[in-house]
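Some notes on the structure that comes next.
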Amino acid sequence: MSQEGRHPPFPIFDAHMHLDPDGRNVEAAMEFQRAGGTGLMLVSKPYQSITVGSVDDFTRNFELTVRLADDVSQKTGLKVMVAIGPHPAELPRLAGELGLEKARSTMMGAMQAAGKMVAEGRAQALGEIGRPHFPVDAALWEASNEILAAGLGIAGELGCAAILHTETATPEVFEELASMARRAGQDLERTVKHFSPPVVRKEDNFGLFPSVLAGKGAFEKALSQGTRFMVETDYIDDNRRPGAVLGPATVPRRTLDLFSRGILTEEQAFKIHRDNPEKVFGK
Ligand SMILES: [Zn+2]
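Right under this line is the structure:
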């Protein structure tokens, strides 16, 4: 039910959200729901309470994400999907502590562990995986690409989605990621560019599936190019950084605003918020 006490006539899905046991977690999900949200992709993140130094630590991290998802869906009835994977920013940090080789093999082991949990049906996607969005040295960059390629290979074998965290998506970046996915045997329809600019046409994003950040007019811009995209907040649920990212109610608010102004039709809303997530993340 929305804040105003009326049900939106269509589902509303946030394609990339983080929750943290040390943040608002269920309460943030309730805010999303009150604004009209019906489903979300819950993505693992480096949690405040777990500093990762081994594959076992990563597994504890992924299990925490699964538990949070269960908790949210039990308490809210929201449809919660789960993405788990070694976050790309962990590699430089781990390399500083363990050396690059050990860091690399730990990330690889974590990718395998995440894949196993997807195979067991405990999560639906590998994510967010990729490479750092900030400059790193050549050896770290190469290792990041290797880890990413391994993740894409695992996703390809499992037939699941891979949610990519990378540097800013320029045409060159889209093209490179698409060819990496293809080489790894991963379906481009299930290769999601997280934090995507509103670049919707396949000739512009090289077939990757855009998850568009719902900030400043991006939803409208994406919509003017078609409906092959999802929308996300990348809410991080970190009390130490309030207001650092879009709030949990942003996707439903923007969606309902565009709908009430006649910019988004009901048919388009069903496509973006129901059909696309089912196609990309579903069995
Ligand atoms: Zn994220």
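If you want our numbering, it's the 1-based position in the sequence shown plus 2.
Every residue gets a Cβ at the ideal spot worked out from N, C-alpha and C, and that includes glycine.
Quantities reported herein were computed from a predicted structural model and do not represent experimental measurements.
Residue i: CB within 7 Å of a non-hydrogen atom of ligand 1
i: E92; result: no
i: V45; result: yes
i: D16; result: no
i: H196; result: yes
i: D73; result: no
i: H135; result: no
i: E130; result: yes
i: D240; result: no
i: H9; result: no
i: D24; result: no
i: H20; result: yes
i: D139; result: no
i: H275; result: no
i: D236; result: yes
Short Cβ contact (8 Å threshold) for residue i with residue j
i: H18; j: S146; result: no
i: T78; j: Q35; result: yes
i: E130; j: V57; result: no
i: A116; j: F64; result: yes
i: A163; j: V201; result: no
i: I149; j: R192; result: no
i: L42; j: L80; result: yes
i: A186; j: G158; result: yes
i: M83; j: Q114; result: no
i: P88; j: M109; result: yes
i: M121; j: L160; result: Residue 121 is actually Ala in this sequence, not Met. In contact: A121 and L160 (Cβ atoms closer than 8 Å).
i: E169; j: H135; result: yes
i: H275; j: P13; result: yes
i: A85; j: I165; result: yes
i: G39; j: P254; result: yes
i: A112; j: F60; result: yes
i: N241; j: G98; result: no
i: F221; j: L260; result: yes
i: R203; j: G219; result: no
i: F176; j: V282; result: no
i: E132; j: P199; result: This sequence places Gly at residue 132; Glu is not what is there. Cβ atoms of G132 and P199: not closer than 8 Å.
i: L215; j: I265; result: no
Residue i classed as buried or exposed, judged by whether at least 16 other C-beta atoms fall within 10 angstroms
i: E92; result: buried
i: P11; result: exposed
i: K195; result: buried
i: L142; result: buried
i: P1; result: Examination of residue 1 is not possible in this model, given that the chain is present from 3 through 285 alone.
i: L188; result: Position check: residue 188 holds Gln in this sequence, whereas Leu was assumed. Buried is the call here.
i: A271; result: buried
i: P244; result: exposed
i: N278; result: buried
i: H9; result: exposed
i: N207; result: buried
i: D239; result: buried
i: A180; result: buried
i: K47; result: buried
i: D16; result: buried
i: A71; result: buried
i: R256; result: buried
i: A37; result: buried
i: A183; result: buried
Cβ of residue i within 8 Å of any chain B Cβ
i: A164; result: Looking for chain B here will not work: only one protein chain is present.
Length at least 3, wholly inside the region 162-205: the beta strand (DSSP E) runs in chain order: 163-167 and 193-198
Length-filtered (3 minimum) beta strand (DSSP E) runs lying within the region 64-92: 81-86
Three CB pairs or more closer than 8 Å across the region 229-241 and the region 250-268: yes
4-residue-minimum alpha helix (DSSP H) runs that sit fully inside the region 23-63, ordered along the chain: 28-36
Ordered list of beta strand (DSSP E) runs contained in the region 210-251, each at least 3 residues: 211-215 and 232-234
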